[in-house]
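Protein chains in written order, with this note's numbering: chain Z, 2 to 354; chain H, 80 to 447.
As structure tokens, then:
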């Protein structure tokens, strides 16, 4: 549900014209996704025997539809970064599909990975099978958009395409590492986790939201590897700033939990308030369920019991420091001041919302 | 770890000899390719982002690398890297110069089979507990998906210093294959989860090929050939071999699941019945059994039973309606198709013979 905050944040950086463009592109793709002729021509290739398109309808589309209810923020960031980098070729907009579908897939994957169904002593095999079906429907969303690269609908050169392939893998791996480590930490009830470990893992887990779209735009704009590396570092600071904001908003009751229901991921708790938990040297008891939901509930309670106004102020100060570091690095790079400003505005409006 | 002699005793002598000559290189490739643990260098290499703070590399290694490592340590047939070695050598390359390629192919396979295991809720893999039994479903899922992507770093980081055009061709092929795997997986899971009883043989074969052909044979054949600089006209032939050999291999696997030939199978027998899997044997029964047997069969597979008595009932029905014979004949047919394609390749007869033996082993004689 950190995702919800990100969507709030992203909503602030959304531009109406982009929204129309994104919606139209997604609508178009949904039609294609269920068109056997298109799929065979552009995505799968001609079958040697026969595809079962009925299973696509029921086993895929019906399952992922609730997670595809609206456009998310990643492609807004991508389009704005493209514009900021001065690279707005229409065919580059095809990547909207890849970004949005990856985002939906990440929601589904989180839903699977942190679902208590699998840790119950008496598992319901039918429920497990249904979740597994959903998980692989999500996985298909992750990979589906890559046909846009294979068919080179982007009309990009070889160098750009290989960089893009690499970055897509990088993002998927980094995000996977973020989830894997968090899963282990929950199993260990956050014992032995340091603040630095937590910060870096937060950056890793958020890679998909901030780094992925903006770096993708930089690659499409032909920015050098050196520039892209600097950009990644700057955006890591931005991620951390948003992460802290998310924690603070959760602790002060400013996250709208109802938003979760629209995404059918209401089972997932909001971001863990781990920064204050670790700073204050708190520990979870042995009877805390070693799951994300269990850890979240216990950690939130402990932090709320122990925190002071000064703690929240210190959290806010840290959050601002991270954002300033991000802004300074962007400025130093001389890279996309419009984009920095847009992200700064988004964050600023988050505070007052 | 299983006794490799037992696993490979069904191989013909010249293929076994080729295996013995190359196994050290294959093992070295696997060992050096898959890291024991993360460090800053490896993290930044596969994640592509700089680390700003200290990372918990121990936990990262445990979460992402260890499950695949456990599968790698248990052995396995290692048919895929063996096939890579065979094709490399057939087109004039020394497999010893490509150990990492062989390692990458096996690591992709081993991280992906974790997915098969938690999908099926399996107990055993290669005589050891399946990853989800040790690390939980989420742990196995994250390790499998992330591990599979990491296993591709040889390609996406261009560690072989390939020409950009060739590299892009390989990366595009990888992406296309993952789309194929994705759609195949959806079909199979949907058929099982929703107890679909209308699956045709054609749909089953298409699903099998899209889900499994890449990792089993098509990928290793294509990558080795492209990297060895095989003639362009051989690439589609090798891809077709990857399909036909896979079909034979898969049919053999379905038969072995229900009727293991020996103790080296290393999994629980009849697991496909417990998971409700619509294998060719089950689909054949659904289409050929009389009404009474069909009704009984549907009741058993929809119950997700682990009962030996009920598995035996299904086994008896498969025998009664000639299912094993039908499956065996189909596997033989695909073995013949494979051999017909092998003849078209621009390689010497000695390597053609080795490929034929590989097809016989995969399709007919393997016990594991």
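Each residue gets a CB set at the ideal place from its N, CA and C atoms; glycine is no exception.
Taking all protein chains shown into account, do 16 or more other C-beta atoms lie within 10 angstroms of the C-beta of residue 37 (chain Z), making it buried, or fewer, making it exposed?
Here residue 37 (chain Z) refers to the residue found at position 36 of the first chain. Result: exposed.
Report the start-end ranges of each alpha helix (DSSP H) in the segment 266-339 of chain Z that is 4 residues or longer and not cut off at the edges.
275-280, 293-307, 310-334
Between residue 50 (chain H) and chain Z, is any beta-carbon pair separated by less than 7 Å?
Residue 50 (chain H) is absent from the structure shown; chain H starts at 80 and stops at 447.
Against chain Z, does residue 316 (chain H) count as a neighbour if the rule is that its beta carbon must be under 7 Å from one of theirs?
Along the second chain, one-based indexing puts residue 316 (chain H) at 237. False, the Cβ-Cβ gap to chain Z never drops below 7 Å.
Can you tell me whether residue 246 (chain Z) is helix, strand or coil according to DSSP?
Residue 246 (chain Z) sits at position 245 when you count from the first residue of the first chain. If DSSP states are grouped into helix, strand and coil, residue 246 (chain Z) belongs with the helices.
Counterpart residues of residue 203 (chain H) in DSSP-defined beta bridges
Translated into the one-based positions of the second chain, residue 203 (chain H) becomes position 124. H:208.
For residue 425 (chain H), count the other beta carbons within 10 Å of its own beta carbon; 16 or more makes it buried, fewer makes it exposed. Which is it?
Taking the first residue of the second chain as 1, we reach residue 425 (chain H) at position 346. When all chains shown are included, residue 425 (chain H) counts as exposed.
Between residue 318 (chain H) and the rest of its own chain, which residues show a CB-CB distance below 8 Å, the 5 nearest in sequence each way excluded?
Here the question's residue 318 (chain H) lines up with position 239 in the second chain. Closer than 8 Å at the Cβ level, and outside the excluded window around residue 318 (chain H), lie 297, 300, 301.
The segment 114-146 of chain H: positions lying closer than 7 Å to chain Z by Cβ
For the segment 114-146 of chain H, which is checked against every Cβ of chain Z, the residues closer than 7 Å are 125, 126, 127, 128, 129, 130, 131, 132, 133, 134, 135, 138, 139, 141, 142, 143.
Taking residue 228 (chain H) and residue 174 (chain Z) to be in contact with their CB atoms under 8 Å, please state how far apart those CB atoms are, rounded to whole angstroms.
As a working note, residue 228 (chain H) is residue 149 in the second chain. As a working note, residue 174 (chain Z) is residue 173 in the first chain. That pair is a contact at about 5 Å.
So residue 334 (chain H) is in the alpha helix (DSSP H); what residue range does that whole segment cover?
As a working mapping, residue 334 (chain H) is identified with position 255 in the second chain. Counting along the chain, the alpha helix (DSSP H) containing residue 334 (chain H) begins and ends at 313-337.
Over what stretch of residues does the alpha helix (DSSP H) that includes residue 194 (chain Z) continue unbroken?
Along the first chain, read from residue 1 onward, the residue named residue 194 (chain Z) stands at position 193. Careful: residue 194 (chain Z) lies outside any alpha helix (DSSP H) and carries neither H nor E.
State the start and end residues of the unbroken alpha helix (DSSP H) segment that holds residue 187 (chain Z).
Along the first chain, read from residue 1 onward, the residue named residue 187 (chain Z) stands at position 186. From DSSP, the alpha helix (DSSP H) with residue 187 (chain Z) extends over 159-188.
Could you pull the start and end residues of the alpha helix (DSSP H) that residue 388 (chain H) belongs to?
As a position in the second chain, residue 388 (chain H) is number 309, starting the count at 1. First-last of the alpha helix (DSSP H) with residue 388 (chain H): 387-399.
Out of H:186, H:132, H:291, point me to the one whose CA is closest to residue 157 (chain H)'s CA.
The count along the second chain starts at 1 and reaches residue 157 (chain H) at position 78. Taking only the C-alpha atoms, the option nearest residue 157 (chain H) is H:186.
Pull up the distance between the alpha-carbon of residue 309 (chain Z) and that of residue 279 (chain Z), whole angstroms please.
Your numbering for residue 309 (chain Z) matches position 308 in the first chain. Your numbering for residue 279 (chain Z) matches position 278 in the first chain. Looking at the two C-alpha atoms, the distance is approximately 15 Å.
Which one of H:353, H:335, H:370, H:434 has the shortest CA to CA distance from residue 446 (chain H)?
Walking along the second chain from the start, residue 446 (chain H) turns up at place 367. Cα-wise, what sits closest to residue 446 (chain H) is H:335.
Could you tell me if residue 223 (chain H) is buried or exposed, where buried requires 16 or more neighbouring beta carbons within 10 angstroms of its beta carbon?
As a first step, residue 223 (chain H) must be located in the second chain, where it is residue number 144. The residue is buried, with at least 16 neighbouring Cβ atoms inside 10 Å.
Are the C-beta of residue 438 (chain H) and some C-beta of chain Z separated by less than 7 Å?
For the purposes of this step, residue 438 (chain H) is identified with residue 359 of the second chain, where counting begins at 1. Chain Z contact via Cβ: absent.
Please list, in chain order, the chain H residues whose beta carbon lies closer than 7 Å to that of residue 48 (chain Z).
Within the first chain, the letter at position 47 stands for residue 48 (chain Z). Chain order gives the chain H residues near residue 48 (chain Z) as 285, where near means a beta carbon separation below 7 Å.
Tell me which same chain residues have a C-beta within less than 8 Å of the C-beta of residue 288 (chain Z), skipping the five on either side of it?
In the first chain, counting from the first residue as 1, residue 288 (chain Z) sits at position 287. Result list for residue 288 (chain Z): empty, nothing under 8 Å.
Just tell me which of Z:76, Z:58, Z:237, Z:64 has its CA closest to the CA of residue 24 (chain Z).
Here residue 24 (chain Z) refers to the residue found at position 23 of the first chain. Of the listed residues, the one whose Cα sits closest to residue 24 (chain Z) is Z:76.
Rounded to whole angstroms, how far is the Cβ of residue 139 (chain Z) from the Cβ of residue 106 (chain Z), which I believe are closer than 8 Å?
Working through the first chain from its first residue, we reach residue 139 (chain Z) at position 138. Working through the first chain from its first residue, we reach residue 106 (chain Z) at position 105. Rounded, the Cβ-Cβ distance is 4 Å, consistent with contact.
Around the C-beta of residue 257 (chain H), are 16 or more other C-beta atoms found within 10 angstroms, so that it is buried, or is it exposed?
The residue given as residue 257 (chain H) occupies position 178 in the second chain. When all chains shown are included, residue 257 (chain H) counts as buried.
Can you grab the Cα-Cα spacing for the pair residue 131 (chain H) / residue 185 (chain Z), in whole Å?
Position 52 of the second chain, counting from 1, holds the residue named residue 131 (chain H). Position 184 of the first chain, counting from 1, holds the residue named residue 185 (chain Z). Each residue's alpha carbon lies about 21 Å from the other.
Alpha carbon of residue 70 (chain Z) to alpha carbon of residue 172 (chain H), nearest angstrom
Within the first chain, residue 70 (chain Z) is the residue found at index 69, counting from 1. Within the second chain, residue 172 (chain H) is the residue found at index 93, counting from 1. The alpha-carbon atoms of residue 70 (chain Z) and residue 172 (chain H) are separated by roughly 52 Å.
Does residue 223 (chain H) get closer than 7 Å to chain Z when you measure Cβ to Cβ?
Start at 1 with the first residue of the second chain, and residue 223 (chain H) comes out as number 144. Residue 223 (chain H) does not count as touching chain Z.
Does the segment 238-256 of chain Z come within contact of the segment 107-117 of chain Z, defined as at least 3 CB pairs closer than 8 Å?
no
Okay, do the segment 257-271 of chain H and the segment 301-312 of chain H touch, 3+ Cβ pairs below 8 Å being the bar?
no
So for residue 261 (chain Z), helix, strand or coil by DSSP?
Numbered from its first residue, the first chain carries residue 261 (chain Z) at position 260. With a pLDDT of 40 at residue 261 (chain Z), under the threshold of 50, the predicted position of this residue should be treated as unreliable, though the coordinate-derived value follows. Three-state DSSP puts residue 261 (chain Z) in a helix.
Segment contact, 8 Å Cβ cut-off, at least three pairs: the segment 143-159 of chain H with the segment 187-205 of chain H:
The segment 143-159 of chain H, when compared against the segment 187-205 of chain H, does touch it at the 8 Å Cβ threshold.
Could you give the distance in angstroms between the alpha-carbon of residue 422 (chain H) and the alpha-carbon of residue 149 (chain H)?
Along the second chain, read from residue 1 onward, the residue named residue 422 (chain H) stands at position 343. Along the second chain, read from residue 1 onward, the residue named residue 149 (chain H) stands at position 70. Looking at the two C-alpha atoms, the distance is approximately 39 Å.
Helix, strand or coil for residue 170 (chain H) per DSSP?
In the second chain, the residue the question calls residue 170 (chain H) occupies position 91. Coil at residue 170 (chain H), not helix or strand.
Alpha carbon to alpha carbon, how far is residue 140 (chain H) from residue 21 (chain Z)?
Position 61 of the second chain, counted from the first residue, corresponds to residue 140 (chain H). Position 20 of the first chain, counted from the first residue, corresponds to residue 21 (chain Z). Here the alpha carbons of residue 21 (chain Z) and residue 140 (chain H) stand approximately 43 Å from one another.
Contact residues within the segment 185-219 of chain Z, judged by C-beta distance below 9 Å to chain H:
185, 186, 188, 189, 193, 194, 195, 196, 197, 198, 199, 200, 201, 202, 204, 205, 208, 212, 216
Can you tell me whether DSSP reads residue 11 (chain Z) as helix, strand or coil?
Residue mapping note: residue 11 (chain Z) aligns to position 10 of the first chain, counting from 1. Looking at residue 11 (chain Z) - three-state DSSP - the assignment turns out to be helix.
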